[in-house]
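Engineer: This structure is in C-alpha cells; I'll ask about it shortly.
Protein chains: 2
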Amino acid sequence: MRQSQLLLNTLRESPGDAEAVSHQLLLRAGLIRQLAAGIYTYMPLGRRVLRKAEQIVREEMDRAGAQELLMPAMQPAELWEESGRYEVYGPELIRLKDRHGREFALGPTHEEVITSLVKQEISSYRRLPVTLYQIQTKYRDERRPRFGLLRGREFLMKDAYSFDPDWEGLDRSYWEMYHAYHRIFERCGLNFRAVEADAGAIGGEGGTHEFMALADIGEDTIATCTCCDYAANLEKAESGSNFKTVIGAGTEDLGQPEKFNTPAIKTIDQLVSSLGVRAAEIMKTVLFAVDGEPVAVVVRGDQEINELKVKSFLGAEMIEIADPESVQAWTGVQVGFIGPYGLTNISVLLDHSAAEMEHGIAGANELDYHYRQLVPSRDLTHSKVGDFRTVQEGEPCPRCADGTLKFYRGIEVGHVFKLGTKYSEKLGATFLDASGKAQTMIMGCYGIGVSRILSAVIEQNHDDNGIVWPLALVPYHVHLVPVSVKDEEQARLAEELYQRLQSKGVEVLLDDRDERAGVKFKDADLIGLPVRIVIGKDAAAGLVEYAERHSPRDKTSLSADDAVERILGMLNTANIGH
Amino acid sequence: MRQSQLLLNTLRESPGDAEAVSHQLLLRAGLIRQLAAGIYTYMPLGRRVLRKAEQIVREEMDRAGAQELLMPAMQPAELWEESGRYEVYGPELIRLKDRHGREFALGPTHEEVITSLVKQEISSYRRLPVTLYQIQTKYRDERRPRFGLLRGREFLMKDAYSFDPDWEGLDRSYWEMYHAYHRIFERCGLNFRAVEADAGAIGGEGGTHEFMALADIGEDTIATCTCCDYAANLEKAESGSNFKTVIGAGTEDLGQPEKFNTPAIKTIDQLVSSLGVRAAEIMKTVLFAVDGEPVAVVVRGDQEINELKVKSFLGAEMIEIADPESVQAWTGVQVGFIGPYGLTNISVLLDHSAAEMEHGIAGANELDYHYRQLVPSRDLTHSKVGDFRTVQEGEPCPRCADGTLKFYRGIEVGHVFKLGTKYSEKLGATFLDASGKAQTMIMGCYGIGVSRILSAVIEQNHDDNGIVWPLALVPYHVHLVPVSVKDEEQARLAEELYQRLQSKGVEVLLDDRDERAGVKFKDADLIGLPVRIVIGKDAAAGLVEYAERHSPRDKTSLSADDAVERILGMLNTANIGH
Chain A
1 MRQSQLLLNT LRESPGDAEA VSHQLLLRAG LIRQLAAGIY TYMPLGRRVL RKAEQIVREE
61 MDRAGAQELL MPAMQPAELW EESGRYEVYG PELIRLKDRH GREFALGPTH EEVITSLVKQ
121 EISSYRRLPV TLYQIQTKYR DERRPRFGLL RGREFLMKDA YSFDPDWEGL DRSYWEMYHA
181 YHRIFERCGL NFRAVEADAG AIGGEGGTHE FMALADIGED TIATCTCCDY AANLEKAESG
241 SNFKTVIGAG TEDLGQPEKF NTPAIKTIDQ LVSSLGVRAA EIMKTVLFAV DGEPVAVVVR
301 GDQEINELKV KSFLGAEMIE IADPESVQAW TGVQVGFIGP YGLTNISVLL DHSAAEMEHG
361 IAGANELDYH YRQLVPSRDL THSKVGDFRT VQEGEPCPRC ADGTLKFYRG IEVGHVFKLG
421 TKYSEKLGAT FLDASGKAQT MIMGCYGIGV SRILSAVIEQ NHDDNGIVWP LALVPYHVHL
481 VPVSVKDEEQ ARLAEELYQR LQSKGVEVLL DDRDERAGVK FKDADLIGLP VRIVIGKDAA
541 AGLVEYAERH SPRDKTSLSA DDAVERILGM LNTANIGH
Chain B
1001 MRQSQLLLNT LRESPGDAEA VSHQLLLRAG LIRQLAAGIY TYMPLGRRVL RKAEQIVREE
1061 MDRAGAQELL MPAMQPAELW EESGRYEVYG PELIRLKDRH GREFALGPTH EEVITSLVKQ
1121 EISSYRRLPV TLYQIQTKYR DERRPRFGLL RGREFLMKDA YSFDPDWEGL DRSYWEMYHA
1181 YHRIFERCGL NFRAVEADAG AIGGEGGTHE FMALADIGED TIATCTCCDY AANLEKAESG
1241 SNFKTVIGAG TEDLGQPEKF NTPAIKTIDQ LVSSLGVRAA EIMKTVLFAV DGEPVAVVVR
1301 GDQEINELKV KSFLGAEMIE IADPESVQAW TGVQVGFIGP YGLTNISVLL DHSAAEMEHG
1361 IAGANELDYH YRQLVPSRDL THSKVGDFRT VQEGEPCPRC ADGTLKFYRG IEVGHVFKLG
1421 TKYSEKLGAT FLDASGKAQT MIMGCYGIGV SRILSAVIEQ NHDDNGIVWP LALVPYHVHL
1481 VPVSVKDEEQ ARLAEELYQR LQSKGVEVLL DDRDERAGVK FKDADLIGLP VRIVIGKDAA
1541 AGLVEYAERH SPRDKTSLSA DDAVERILGM LNTANIGH
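Rendered as C-alpha cells:
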C-alpha cells in the first residue's frame, strides 16, 4: 500500500479522554475512530489487524473441530423470556421494537439462539457432541464505555457453544477449547494466564477459566503462584489452608469471654489505636443481606471479606452489605458493635483466618461494648468455617508447598465456561440416548473478545514512541521509508523494493508522501511495523538502512538484496507469509 | 468434514411459506434457518458459501484499489438528522434508544457515517481520491420480508464509497467499481446484466447501474437489446426515438378538433368498443399530483405511463396519480374526460408515442365529451414532448438500428451510483484544492448484497433434485459417498481418499453416516457439490464411481488415483484450491 493513498492520519497528541495507553495509541496511530461512546470505526490499518486476529481465532477453532456458523444480532425477545434473562440482563441489553411492535434484543451473547437452534436440529445422541462457533458483532450497553476497545458497546467476539450427551463429554469439549485458547493467545503474541474464575452472572455449574492478558490497565486482579501453575482471578483465588494466626498474648488457658466498655469505638482502626493491639487480634464482623436474609461473616481484622466466596458458598443469587437500618433491626445494635459471640438467630460464617486465631476481640452486640478472650474453638462452635476472605499478595500458595501468591492486573481476553444444563433445561434442548430415553444436553460456552485482543496486544507491546506489533498481528510487515521521494535514486529503489517484496507475499507499506524525514520516522515509530527500511543517501550505491521496531537502535546498512533476504527469513521463521 | 459430525439436516419437503426456489433449497439443503421473519442463521454449510462470496468481493475490491474498513451498525440519530434522512427513511429504519435515552439507527447503509469520517480525516486535495469499503451486516425493517435471503431484515452487504475532488474523478472511480462488479459476478458464476437504472430514493445526480442476476423470481424487470449492449431497468429503459404511429385514417388534411358526445364512456376499453377504433388512436391522459401540483401526462392509448420518468423529467420528489377530488378541483371535470386540448393552467407532458400520432381522440375536459381529429403538431404545441412511457417487449432498441428489446426478470445483486454532492454538502465534507479554495467532495456509492448472491446463484443453478453449485461458491468441492460404511473395503478407501484429497487442499465432505445409499444420494443431490465420488462394491478393486453434479448421468468408473487427478485438474483449471 502506498501511504499517500491510505486513509491514515496519525495524531501527535493523545485525545484528552483516552486514559489507557492502548486507547491512545489506537487513536494516534489511526487504527480506530470513535463514532459514539464505546462505538468505533476500524480504519484501514485497524481493519487489517482485526482480520488477522479473526483469522487466527478461526483457524484454531477449526483445528479444534468446532464448526463455524453465523447467527443474527437481532434476537426475538421471546427467546430471552424463555431463558429468564430478558428482565435479569438489565439495561446492558439493547432492546428495540420492529415496525410491527415486536420486541427484539441486540445479542450480547447467543446462548438462547444456539440452544433453540440445536434443539431444533439435533434429536439423537448419534449427532452429539458438537461445538459451534461464530465470529460476530455483539452489543452491550455498558454504563461506562471506556479504554477504547476494552469496554465498548459494539464489539467483535468469537463465541462458541458445545453440546454433549454427558458431563464427561462436556469435560472433553471444555478442555479442547481451553487448549485452543492457549494456542490462539500464544499465536497473538500475548503474555497471558489462564486463571480459575468465578461463574458470574451468566450462571451455570462447574469449572470456568478466564484468559487474562497481563497489563496494568486490566480491570481484574489475578493471583498466580511463584512456583506452581496455580492462577486465579482474585475474586476466586483460594486462601491457603495452612493459614495460621499467632496472637502475641501467648497460649495459656484463658478465662471466659470478657465484655469491656469501648465507647464510640467502632472500627478496626479505632480499636487498634485505643487498645494498643494489632488488627490481626480482632475479629472483623460484617453483616450481609444474602437473598434478603442476614448473614454475619467474620475474618481476621487485617483481612478483607470476599463477597463472591460467601455468595458462592451459600449458593445465593444476591449479596450486599446490610444497610444500618437492617443491622439495627436484625441485631438490635448499631453497626460497629456486631460480633459472632451471642449473635442469635443469624448464621455466622467464620473464615479460616478468624477460626484459626487462638483468641480475639469482637463486638459484643451491645452498644459501646466488645468482647475479648473469644476463643473460636470454644466460643464460636456454631459458626460454619470456610474460605471467605480475599487472598493477599505474598501469602502461601493454596496448591503447592513452596510458592507464594503474586498479583497481576489482567485484561480478560477469553473465557471458557461449563454451562451445564442451565439453558438446555429452560429451552428444552433434549436428545434421545442410546436406550431411547430423553436426556438434557450438557453445554459449555466459550468467548473471545476479538476486538479486545487489539487493545491487549498494544498494552503489552509499545514504547514511548508508539506501537511495537507482534509479527502475527501487524497491519503490514515492512515499512519502506524513502527519505526524500523527490530524490530519483531513492524513489526508484523504494519502488523496486516495494514491488519485489510484495511479489514474495510480504505486506508492505511504502511511505511515498512528500513529507520531511522526521515526520515520516515519527509516524513509522507510532504505527510500529516490525521492519523499517530507510532508503536514503546510499540509495545510489544500492544500500538501505534496516532496523527492527523492537530494537530501533540496531540499524544495519544492507544491500537491497540482503534486506529482502532478511525479511523473508524473518517471516519464514515465524511461519508467516506465502 | 465428516458428515456424521456436521450440523446439517436436509429436509425432504419444502417449508410451506418458502415461495422462491432458492429459499426452498437454502432451507432444504440445510444452509440457513430462520430465527424471525427475514432474519436467518447461516448454518455451517451456508457460512462456508457466504465466506467464499465475501472473499471474492474482498479480493476484487482490493484489486480495484479500494481500502477496507469496518463501520458500526449503531449510528447516532444526529447524523441521520444532518443528512435529512432520519424522517424520510420511514419505518424501514430500525431505531433504538440507549440506556441514556440517546437515539440510534441500525445502519441500512453508511453514507452519513463515511461522509462524516472522511470529512474529519481528509482536508486536502492531495489525499483524494479515495474509495473505502466494508463487508458488514445491514438492517432494514422490510414491510414484507420474503424469498429467504433475497429480502431480509438483517443481511450482509459490501458497501463502498468513493470521494473525488471533481466530476471527472467520480467518473473514473465509478467505472473502476463498475468493472470490479463485473469481475465479482463473473467469478460467482452468475448470469447477470449491468443495467441503467433510476436514481431512486437514495438521491443524487448522474449515472447509476444495477447489476441484475437473471432469474424469474426477480422483483425487477430489465429490458435488454437483442443486438447491442443496451440494458436497463424497465423503470428507466428509454423508448426508441424512432417510435412512429400510423393511424388507419390516412394522412389527408384534417379539420379542426371535433367534439363529440361520449356518454359515460370513460376508459380506453370503452372508447375502443363503442367507437370501433384501436387503442393506438386514442390519447391516454392521466392527471398526476407532482410535488402537490397538477401535471397531465399523455401517452398513446396502448402504452403505459412511466411515473419515474415523469418524476425524473420534472426533478420532483413525489409523484402520485391525482385522486378524483383533486381531478375535479383542478379541471372542473370527472376522471375519464380529461384531455390535453384546452386544458388550461395545467402543464401537459406529451410522450413521443402521443406526439407522433398523426391525429387522435382525447377527453374534451367536459363531462361526456371527447375530441377527435386532434393533431398534436397543430393542437398541442404548448405541451412538452419527452419520453414518459414504459417500453414494451419487442419494440426497437433506443440505441442501435437493428435490435429489439427483450425483457427478463432480474435480482438486484449490485448497484453502483454517482451520489455527487448530496451527502458531502449536507454534512460539510469539503477539501482545499490546489489553490487553497474549499471545494465539496464528489461522492459515489457502491453496494453488493453479499448474502443475496447465495439466493441468486441458487435460482440460476439448480435442478429438480437440488442445488448445482458453481465451483467458486461451493461449500465443499467433493462429496465422498461410501455406499455402506460397514463395508471395510469401502470405509478404508473412502478414508484414504478423504485424507489424500484434503492434503492437496481439496475441500471434502465425507458422508460417513450409517444411512441407506438412497438417502445419501438424495442428500448429495440436494446439497449439490460439484463432484461426487461413490465408493461401492468395486472398492475392493480400487475403483470408484466419478460423477459431476451438473451432468449426473455421466458416471465413470475410475481408479482412485485417476479420480484424484481429475478433481485436481478441474480445480486447477478453475484456478481454485492450493
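Those protein sequences? They're chains A and B, same order as listed.
With the working numbering applied, the first sequence covers 1 to 578.
With the working numbering applied, the second sequence covers 1001 to 1578.
Cβ atoms here follow ideal geometry from the backbone N, Cα and C, with glycine treated the same way.
Could you run through the region 533–564 of chain A and flag, in chain order, every residue whose CB is less than 9 Å away from some CB of chain B?
Structural biologist: From the region 533–564 of chain A, no residue has a Cβ closer than 9 Å to chain B.
Engineer: Run down chain B in chain order and give the residues with a C-beta less than 8 Å from the C-beta of LEU69/A.
Structural biologist: LEU1007, THR1041, TYR1042, MET1043, PRO1044, GLY1046, ARG1047
Engineer: Within the continuous beta strand (DSSP E) that includes VAL1585/B, where are the two ends?
Structural biologist: This structure does not reach residue 1585/B, given that chain B is present from 1001 up to 1578, and the question cannot be answered.
Engineer: My guess is that ILE1039/B and MET74/A are in contact by the Cβ rule of under 8 Å, so how many angstroms apart are they, rounded?
Structural biologist: 5 Å
Engineer: Can you list the residues of chain A that ARG1143/B reaches, using a CB-CB cut of under 8 Å?
Structural biologist: Within chain A, the residues near ARG1143/B are ARG99.
Engineer: Quick one: does MET74/A have its CB under 7 Å from some CB of chain B?
Structural biologist: yes
Engineer: Taking only beta-carbon positions, decide if VAL1519/B is within less than 7 Å of chain A.
Structural biologist: Using beta-carbon distances, VAL1519/B does not count as an interface residue toward chain A, since no partner is under 7 Å.
Engineer: Counting only runs that start and end within the region 1436–1499 of chain B, where is the alpha helix (DSSP H) found for 4 or more residues in a row?
Structural biologist: 1450–1460
Engineer: Under 7 Å Cβ-Cβ, which residues of chain A neighbour THR1137/B?
Structural biologist: ALA73, THR137
Engineer: What does the alpha-carbon distance come out to for the pair ALA491/A and VAL564/A?
Structural biologist: 17 Å
Engineer: Return yes when the Cβ of ASP1164/B is within less than 7 Å of the Cβ of PRO1129/B, no when it is not.
Structural biologist: yes
Engineer: Which residues in the same chain have their Cβ closer than 6 Å to the Cβ of GLY444/A, if we skip the five residues on either side of it in sequence?
Structural biologist: SER162, LEU170, SER173, TYR174, LYS418, LEU419
Engineer: Hey, is VAL130/A's beta-carbon within less than 7 Å of any beta-carbon in chain B?
Structural biologist: yes
Engineer: Name the chain B residues that come within less than 7 Å of PRO475/A, Cβ to Cβ?
Structural biologist: Here the premise fails: no neighbours, minimum Cβ distance about 12 Å.
Engineer: CA-CA distance, GLY255/A and THR221/A?
Structural biologist: 43 Å
Engineer: Would you list, in sequence order, the uninterrupted alpha helix (DSSP H) runs of no fewer than 4 residues that lie entirely inside the region 354–378 of chain A?
Structural biologist: As summarised for the region 354–378 of chain A, there are no continuous alpha helix (DSSP H) elements at least 4 residues long confined to that stretch.
Engineer: Per DSSP, what are the beta-bridge partners of VAL1416/B in this structure?
Structural biologist: HIS1209/B, TYR1446/B
Engineer: Measuring only between beta-carbons, confirm whether GLU1507/B sits less than 7 Å from chain A.
Structural biologist: no
Engineer: Mind checking whether TRP80/A and ALA64/A have CB atoms under 7 Å apart?
Structural biologist: no
Engineer: Using 8 Å as the threshold, is the region 1263–1281 of chain B in touch with the region 1353–1364 of chain B, meaning 3 or more CB pairs across them?
Structural biologist: yes
Engineer: In its own chain, which residues sit with a C-beta less than 6 Å from the C-beta of ALA539/A, not counting the 5 before and 5 after it?
Structural biologist: Apart from the 5 residues on each side of it in sequence, ALA539/A sits with its Cβ closer than 6 Å to the Cβ of GLU489, GLN490, LEU493 in its chain, given in chain order.
Engineer: Do we get a CB-CB distance below 7 Å when we pair ALA1077/B with the residues of chain A?
Structural biologist: no
Engineer: Examine chain B for any beta-carbon lying closer than 7 Å to the beta-carbon of PRO108/A, and answer yes or no.
Structural biologist: no
Engineer: Run through chain B and tell me which residues come within less than 8 Å of LEU96/A, C-beta to C-beta.
Structural biologist: Here the neighbours are ILE1094, ARG1095, LEU1096, LEU1106.
Engineer: How long is the line joining the alpha carbons of PHE155/A and ASP1098/B, rounded to whole angstroms?
Structural biologist: So the alpha carbons of these two residues sit roughly 16 Å apart.
Engineer: So GLU154/A contacts chain B; which residues on that side make the cut at Cβ distance below 8 Å?
Structural biologist: PRO1072, ALA1073, MET1074
Engineer: Hey, how far is the Cα of THR1331/B from the Cα of ILE1321/B?
Structural biologist: 14 Å
Engineer: The alpha helix (DSSP H) that contains PRO1044/B, what's its start and end?
Structural biologist: 1044–1063
Engineer: In this structure, does DSSP put THR344/A in helix, strand or coil?
Structural biologist: coil
Engineer: What is the DSSP secondary structure of GLU1396/B, reduced to helix, strand or coil?
Structural biologist: The sequence given here places Pro at residue 1396/B; Glu does not occur at that position. Residue state, collapsed to three classes: strand.
Engineer: Between HIS382/A and GLU356/A, what straight-line distance do the alpha-carbon atoms span, to the nearest angstrom?
Structural biologist: 15 Å
Engineer: For GLU1121/B, which residues in chain A fall below 7 Å Cβ to Cβ?
Structural biologist: LEU7, ASN9
Engineer: For VAL391/A, which of helix, strand or coil comes out of DSSP?
Structural biologist: coil
Engineer: Scan the region 157–184 of chain A and note each continuous beta strand (DSSP E) run of 3 residues or more that stays entirely inside, going in chain order.
Structural biologist: Qualifying beta strand (DSSP E) stretches: none in this window.
Engineer: For a cutoff of 7 Å on Cβ pairs, would you count LEU35/A as touching chain B?
Structural biologist: yes
Engineer: Do ALA296/A and ILE265/A have their beta-carbon atoms positioned less than 7 Å apart in this structure?
Structural biologist: no
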